[in-house]
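Engineer: Per UniProt numbering, the very first residue in the sequence shown carries number 1; after that it's consecutive. One structure coming up, written as structure tokens, with questions to follow.
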Amino acid sequence: MVPTPITVRVPAKLNLHLSVGDSRSDGYHELVTVFQALSLVDEITIRTAEEPGLDVRGEGAEVTPTGVDNLAWRAVTELARHCGRDPENPGVRVSLNKGIPVAGGMGGGSADAAATLLALNSLWRLEMGREELAEVAGRLGSDVPFALQGGTALGTGRGERLVPVLARHTYHWVIAMNEEGLRTPDVYGELDRLRQTSSNRVGDVEPVLEALASGDPRELALLLGNDLQAAAVSLRPVLRRTLRAGVDAGALAGIVSGSGPTCAFLCTDEEAAVRVAAELSGAGVCRTVRVAQGPVPGARLVGDDKAD
Ligand code: C5P
């Protein structure tokens with residue numbers, strides 16, 4: 001009998017705090033970051049198929065790679081290898097329905113890889129636990145383990161070592177997507193270049209964790225910080241105007257999401273977020289505006305709300 005197709009829903013991530021250390025010998029940077037999963041999601045369906053492949057629709061579908069460069073497809077081959085299947089002929093078709101901007105700094109590719117691991121674990125009846133999945137996830141990319149876990153978490157190492165963080169409150173965000181994505185390695189490279197002449201760095205993470213525990217968005221707004229922001233703005237100067245426009249529209253604070261160019265604006269409540277989103281849409285400083293909440297859970301099988 002052909003197994004039933006499996007659908008997984010997976011959230012975008014935002015870095016509330018992203019402190020980038022020096023470049024390591026493997027080319028990665030040591031990070032201290034606070035991730036939050038947002039209600040901006042991709043949906044991935046995987047089915048058994050004689051003709052393997054990947055198709056994409058939704059947000060940014062036309063610029064998403066559909067070949068071996070797609071991180072979801074790399075997740076298929078990596079998991080096939082891990083469980084002793086033929087990575088050249090995994091016998092599955094992956095369908096991505098994108099709501100997370102492509103190359104936007106919101107971990108969209110990582111989310112798709114995480115969702116693929118979870119879906120295949122079920123389709124192939126592998127019965128891998130969360131820990132083993134997280135280990136394979138870490139090999140695929142720095143943000144993939146967080147997309148599995150969701151919620152709010154402190155990330156260290158490349159960002160793949162996670163500890164859950166207590167977050168008492170639902171935060172309301174406005175997300176401003178840019179015309180064109182930025183490549184993560186380019187943004188890290190630009191930061192290394194800027195650091196030859198500037199020593200600006202975000203503060204310590206502890207106050208951010210305390211603000212999250214208190215649940216007051218005003219307190220958190222004062223502490224949002226991202227070391228990659230200056231590099232993203234340097235590569236895409238229009239972001240300076242986007243960030244200003246969100247605050248002028250009434251947001252508590254704005255930040256570049258991860259390596260950008262997506263910007264996220266923290267608002268006092270849902271009503272304020274809807275107002276800020278409407279005003280920002282008309283300001284001509286971004287392509288699309290969305291309202292989102294966080295934290296939300298990580299990758300989940302659709303129709304399986306009891307999954308942990
Ligand atoms: O791990 P991931 O594939 O998402 O990383 C993409 C790129 O981002 C890396 O190749 C590297 O250039 C940069 N990066 C980094 N330090 C990190 C995470 C990512 O330099 N901690």
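In this text, a Cβ means the ideal position worked out from N, Cα and C, and glycines have one as well. Quantities reported herein were computed from a predicted structural model and do not represent experimental measurements.
Looking at the structure shown, is W124 part of a helix, part of a strand, or coil, going by DSSP?
Structural biologist: Residue state, collapsed to three classes: coil.
Engineer: At a cut-off of 7 Å, is S142 close to the ligand MN when judged by its beta-carbon and the heavy atoms of the ligand?
Structural biologist: Of the ligands this structure carries, namely the ligand C5P, none is the ligand MN.
Engineer: For the ligand C5P, is there a heavy atom less than 7 Å away from the beta-carbon of H17?
Structural biologist: Every heavy atom of the ligand C5P is 7 Å or more from the Cβ of H17, so no.
Engineer: Assess contact between the region 36-49 and the region 142-156, defined as three or more Cβ pairs (one per stretch) separated by less than 8 Å. Is contact present?
Structural biologist: With a cut-off of 8 Å, the region 142-156 and the region 36-49 count as touching, because enough Cβ pairs lie within range.
Engineer: Sorted by chain position, which residues of the same chain lie with C-beta nearer than 7 Å to A119's C-beta, five sequence neighbours on each side aside?
Structural biologist: If we look at A119 and ignore the five residues flanking it on each side, its Cβ neighbours are I6, V8, I44, I46.
Engineer: Which same chain residues end up closer than 7 Å to V20 when comparing Cβ atoms and leaving out the 5 residues on each side of it in sequence?
Structural biologist: So the list reads H29, L31, L191, D227, L228, once near-sequence residues are dropped.
Engineer: Measure the Cβ-Cβ separation of D112 and L71 and say whether it is below 8 Å.
Structural biologist: Yes. Within cutoff.
Engineer: State the Cα-Cα distance for the pair A299 and D22, rounded to the nearest angstrom.
Structural biologist: Each residue's alpha carbon lies about 31 Å from the other.
Engineer: Taking all protein chains shown into account, do 16 or more other C-beta atoms lie within 10 angstroms of the C-beta of D143, making it buried, or fewer, making it exposed?
Structural biologist: Answer is buried; the Cβ neighbour count reaches 16.
Engineer: When every heavy atom of the ligand C5P is checked, does at least one fall within less than 7 Å of the C-beta of R193?
Structural biologist: Checking the Cβ of R193 against the ligand C5P gives no.
Engineer: At which residues does the alpha helix (DSSP H) containing L223 begin and terminate?
Structural biologist: 217-223 is the span of the alpha helix (DSSP H), which, as asked, contains L223.
Engineer: Assuming residue 313 and P237 form a contact by the criterion Cβ under 8 Å, report the distance between their Cβ atoms to the nearest whole angstrom.
Structural biologist: Since the first and last residues shown for the chain are 1 and 308, residue 313 lies out of range.
Engineer: Would you check if the distance between the CB atom of G225 and the CB atom of G107 is smaller than 8 Å?
Structural biologist: Going by C-beta atoms, G225 is not nearer than 8 Å to G107.
Engineer: Taking V256 and V233 to be in contact with their CB atoms under 8 Å, please state how far apart those CB atoms are, rounded to whole angstroms.
Structural biologist: With a Cβ gap of about 7 Å, V256 and V233 count as contacting.
Engineer: Would you report the Cα separation of L79 and V136, rounded to the nearest angstrom?
Structural biologist: Taking the straight line joining both Cα atoms gives about 7 Å.
Engineer: Measure the Cβ-Cβ separation of L123 and A134 and say whether it is below 8 Å.
Structural biologist: Against a cut-off of 8 Å, the Cβ pair of A134 and L123 comes out as no contact.
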